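K.L.:
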Amino acid sequence: MSAVRFPRLLAAELRLILRERLTWAILAALVAALALAAWTGAGRVDAARTALAAATADSERAVREAKAAHLRYSQPAAINVNYWQDPTDAFGYRTYFMAAYAVKPPTPLSVLAAGQSDVQPAVTKIDFGFSTVFDDTATEIGSAAALRLGPFDLAFVLVVLVPLAIIALAGTRLSSEHDSGILRMIAAQPTGPRRVAGAKFGAAALVALTATLGGTALALLLSGGLGDLAGWSGTAALLAAALAAYVVFWVAACALAASLWRGAVAALAVLVLAWAFLTVALPTALSLAVDALAPVPSRIAAIDASRQAQAHFYAGNEAAAVTAGWLEARLPKDARRPGLADAPELKRLARDAHYDEALADHHRAARAQALAASAWSQKLALLSPATALALALETASGTDAGRHAAFLSEAATYRRSLRAFFEPRILAQVLDPVPVCAGCPARLDFDAYDAVPAFAPADARGSAERQALLTLVCLAAAALLLAALAARRLKQWPA
Amino acid sequence: MGASALPADASVLAIDGAVKRFGSRTALAGLDLRLGDGEVFALLGPNGAGKTTTINLILGFLRAEAGTIRVCGIEAGEDPVGARRHVAYIPEQVALYPGLSGVENLRYFATLAGLDPSKDEARALLAEAGLAPEAHGRKAGAYSKGMRQKVGIAVALARRARLLLLDEPTSGLDPSAAADFSATVRAAAERGTAVLMATHDLYRVREMAGRVGVLSGGRIVEEIDPTALDHAALERLYIERLAEVAS
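Chains G and S supply the protein sequences, listed in that same order. The opening residue of the first sequence carries number 1 in our numbering; numbering runs sequentially from there. The opening residue of the second sequence carries number 1001 in our numbering; numbering runs sequentially from there.
Laid out in structure tokens, this is it:
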């Protein structure tokens, strides 16, 4: 009698699993969930792209209208344009007309995970208007916790629902045979338990992998949400491999549960508890840990500080004193002239600098907390396969907390660069108002609209690839560990 | 006939001084048993006498604390898979995959044994085991116990195993199915297969077995030639032996 050849045994198990109606019901439900998630994800990415396009259009409109105004006001006219109505003036343009945006564009893989995108903006208008004190008070960084009850996106289906589908598909392999007595027939054949378990769970893994990877690819293609993958194919391949390792991890968990030989109900109970722990309880605990390790600074204290800064500036002669101090720091004594501190433009610049200084500690603390929370999230996410995969998917999607923390810093830097661009021009104009055109209604001192710094979004590719690789290594190691434990326990058939 | 009287040609199954304990309870206390080609041996005994433990030891599901269990010369405790290559086993309740037909179940279990029978070969084996052709393609979920046992026999036939283990084979079968089963087992024995069956069914024992061992207290307390006794005498003797051991 020839020894059992594993591929033939695997093929027999594949036939067996594919003959079950439950298998097809599970696969149909999984593919439907993937398609729905991809469709909603594509809608979300479309909305983000629309918002970005609107921001770009708004910026172009502002420049176009300012240039048209410049042309229009270059002719003498019997009207007078105030500075807050004048896009040809550096201060007027910067404060009332410019439409500058810091943007966080979706990556080609953004359809995978909503991540922080449903609570954090992808577009921030860099505003120098009156009420802009805190550019980031409206948003707060999330953490690994955001994935535990996130929106119905592909990440939710892949991280939370795929394990349930695998448990339904493979959770009672061997243990249901144990309950029905078929195992005794199987065990009486000249084959060891490892080989039979290898074939049974190998077949379940092949079906689950085909359904998960194939279903995801199909859902992405049908939804049309996938961007141009040029330069991102490596990340996509690593993510697919990480997803495969996640599937194998759960199939190995099913094999380990079966090796307890306690029957199908016990195996399912163990697996559902493991699922609840790894995808719900542990992420929640990790989220609490992130909150404890990187506590959010008091927003009330920050808002109170901004209120006090405003109150301080407008109290008594403080505005004049602050403006004088601001001028003193920027102009040599001989350049100063009486009445300069009353210039509304300089008063505004001095006020903004005063606010910045008063709130600097709060800004720094907020950004440091965002970066620390993101760094802790990255580390702690590796403690659960679910959070590890979720973070990899979010990082590839560019919707992770880390990217948003970096985006807020980049937006603040961009704001400073705009201030650095405009301030010398505004100061020069106030110090030495040069009439460009006699009889013209506007100042016409600014026409460098195309030279205004543009926001350059950071490339998310590097971090996405690193996170996907790290996740792949961790998940593969976890899957191998569980498979080895199961193989060790499946040395002998139960009596 | 005493328990120590072993046939000289015993080569398929050789159990020598097998001891198996479960905690403080001794299931087998030095069991000796030899079985040669074509022999049918019935292990008679009350529940808990050690019949199923004996079968589990032969299949390598359990290891004896003392003694040896050899199947065709292979020590079952050391090399259970090697020993099982020579053993076909039909449990009391033959369980099959309910969603597969008889043919598919047979082919599945044959694959586990390293065989690859075609559909036609599988049908021929099922027919040889006595399963009506119209049932071959029907799902096993609708099979009676007798039909499931016939699939179990067909698996054993496919295996061409030298030792057939039967655990309470006729329990729950109607008289006609039990008679069919007896005929099939006798046919297997005539082809040279050694058969060891654990049973309570004295009537079928007389019909099938060439030797009967009364198992009690973890050892064979008496070996009987059932052909030398009628059913009533066999039953009387069996009850007497059990009463002696109990006292």
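Note that beta-carbon positions come from the ideal geometry of N, C-alpha and C, so glycine has one too. Predicted model, so just to flag it, every value in this text is computed and none were measured.
Are residue 329 (chain G) and residue 347 (chain G) close, meaning C-beta to C-beta below 8 Å?
P.N.:
no
K.L.:
What's the call for residue 1225 (chain S), buried or exposed, on a 16-neighbour Cβ count within 10 Å?
P.N.:
exposed
K.L.:
What is the rounded straight-line gap between the Cα of residue 360 (chain G) and the Cα of residue 486 (chain G)?
P.N.:
56 Å
K.L.:
Show which residues of chain G have a CB atom less than 8 Å away from the CB atom of residue 1032 (chain S).
P.N.:
By Cβ distance, chain G contributes nothing, its closest Cβ being about 22 Å from residue 1032 (chain S), past 8 Å.
K.L.:
Would residue 162 (chain G) be called buried (16 or more neighbouring beta carbons within 10 Å of its own) or exposed?
P.N.:
Result: buried.
K.L.:
Just confirm the distance between the C-beta atoms of residue 195 (chain G) and residue 455 (chain G), as a whole number of angstroms; I'd bet it's less than 8 Å.
P.N.:
Not a contact, Cβ separation roughly 60 Å.
K.L.:
Against residue 1041 (chain S), what residues of chain G qualify as contacts under a CB-to-CB distance less than 7 Å, listed in chain order?
P.N.:
Near residue 1041 (chain S) there are no residues of chain G at all, since even the closest Cβ is about 18 Å away, more than 7 Å.
K.L.:
Using DSSP bridges, identify the partner residues of residue 1197 (chain S).
P.N.:
S:1042, S:1166
K.L.:
Could you spell out where the alpha helix (DSSP H) holding residue 182 (chain G) opens and where it closes?
P.N.:
182-187
K.L.:
Run down chain S in chain order and give the residues with a C-beta less than 7 Å from the C-beta of residue 192 (chain G).
P.N.:
1081
K.L.:
According to DSSP, is residue 125 (chain G) part of a helix, a strand, or is it coil?
P.N.:
strand
K.L.:
From residue 140 (chain G) to residue 466 (chain G), what does the alpha carbon distance come to, in whole angstroms?
P.N.:
Here the model assigns residue 140 (chain G) a pLDDT of 46, short of 50, so the residue's position is not dependable, and the following value carries that caveat. Rounded to the nearest angstrom, the two C-alpha atoms are 25 Å apart.
K.L.:
Can you find at least 3 beta carbon pairs, one from the region 476-490 of chain G and one from the region 1175-1183 of chain S, that sit closer than 8 Å?
P.N.:
no
K.L.:
Along chain S, in chain order, which residues have C-beta atoms closer than 7 Å to that of residue 493 (chain G)?
P.N.:
1061
K.L.:
Hey, residue 1068 (chain S) and residue 1028 (chain S): beta-carbon distance below 8 Å or not?
P.N.:
The answer is no: Cβ separation not under 8 Å.
K.L.:
For the pair the region 215-227 of chain G and the region 1137-1153 of chain S, tell me if three or more CB-CB distances fall below 8 Å.
P.N.:
no
K.L.:
Thinking just about the alpha-carbon of each residue, which of S:1102, S:1112, S:1113 is nearest to the one in residue 1120 (chain S)?
P.N.:
S:1102
K.L.:
Determine the burial state of residue 379 (chain G): buried for a count of at least 16 other Cβ atoms within 10 Å of its Cβ, exposed for fewer.
P.N.:
By the beta-carbon neighbour count (other beta carbons within 10 angstroms, threshold 16), residue 379 (chain G) is exposed.
K.L.:
Please list, in chain order, the residues of the region 1117-1146 of chain S that have any C-beta partner in chain G closer than 8 Å.
P.N.:
none
K.L.:
Write down the C-beta distance between residue 175 (chain G) and residue 267 (chain G) rounded to the nearest angstrom, noting that I regard them as a contact closer than 8 Å.
P.N.:
4 Å
K.L.:
I'd like to check one pair, residue 309 (chain G) with residue 355 (chain G): are the Cβ atoms closer than 8 Å?
P.N.:
yes
K.L.:
Take every Cβ of the region 390-398 of chain G, pair it with every Cβ of the region 289-296 of chain G, and state whether three or more of those distances are shorter than 8 Å.
P.N.:
no
K.L.:
Would you decide whether residue 249 (chain G) is buried or exposed? Buried here means 16 or more other CB atoms lie within 10 Å of its CB.
P.N.:
buried
K.L.:
Take residue 1066 (chain S) and list the residues in its own chain whose beta-carbon comes closer than 8 Å to its own, dropping the five residues that flank it on each side.
P.N.:
1017, 1018, 1019, 1030
K.L.:
Using Cβ-Cβ distances below 7 Å, what residues of the region 9-35 of chain G are close to chain S?
P.N.:
9, 12, 16, 19, 20
K.L.:
Residue 188 (chain G) CB to nearest chain S CB: under 8 Å?
P.N.:
yes
K.L.:
Under 8 Å between the Cβ atoms of residue 1157 (chain S) and residue 1112 (chain S)?
P.N.:
no
K.L.:
Just the C-alpha distance for residue 507 (chain G) and residue 37 (chain G), rounded to the nearest angstrom, thanks.
P.N.:
This structure leaves residue 507 (chain G) out entirely; chain G is present only between 1 and 495.
K.L.:
Which value, in whole angstroms, describes the spacing of the CA atoms of residue 238 (chain G) and residue 245 (chain G)?
P.N.:
10 Å
K.L.:
Below 8 Å on C-beta distance, what does residue 196 (chain G) contact in chain S?
P.N.:
1112
K.L.:
Take the Cβ of residue 1216 (chain S) as the centre, count every other Cβ of all protein chains shown within 10 Å, and call the residue buried at 16 or more, exposed below.
P.N.:
Taking all protein chains in view, the Cβ of residue 1216 (chain S) is crowded by 16 or more other Cβ atoms within 10 Å, so the residue is classified as buried.
K.L.:
Identify every residue that forms a DSSP beta bridge with residue 1089 (chain S).
P.N.:
S:1165
K.L.:
Could you give the DSSP three-state label for residue 1153 (chain S): helix, strand or coil?
P.N.:
helix
K.L.:
Once DSSP output is grouped into helix, strand and coil, what is the label at residue 1224 (chain S)?
P.N.:
strand
K.L.:
Starting from the beta carbon of residue 1084 (chain S), find every residue of chain G whose beta carbon is closer than 9 Å, and list them in chain order.
P.N.:
187, 188, 189, 190, 191
K.L.:
Run the CB neighbour count on residue 1096 (chain S), radius 10 Å, all protein chains shown included, and call it buried at 16 or more, exposed below.
P.N.:
buried
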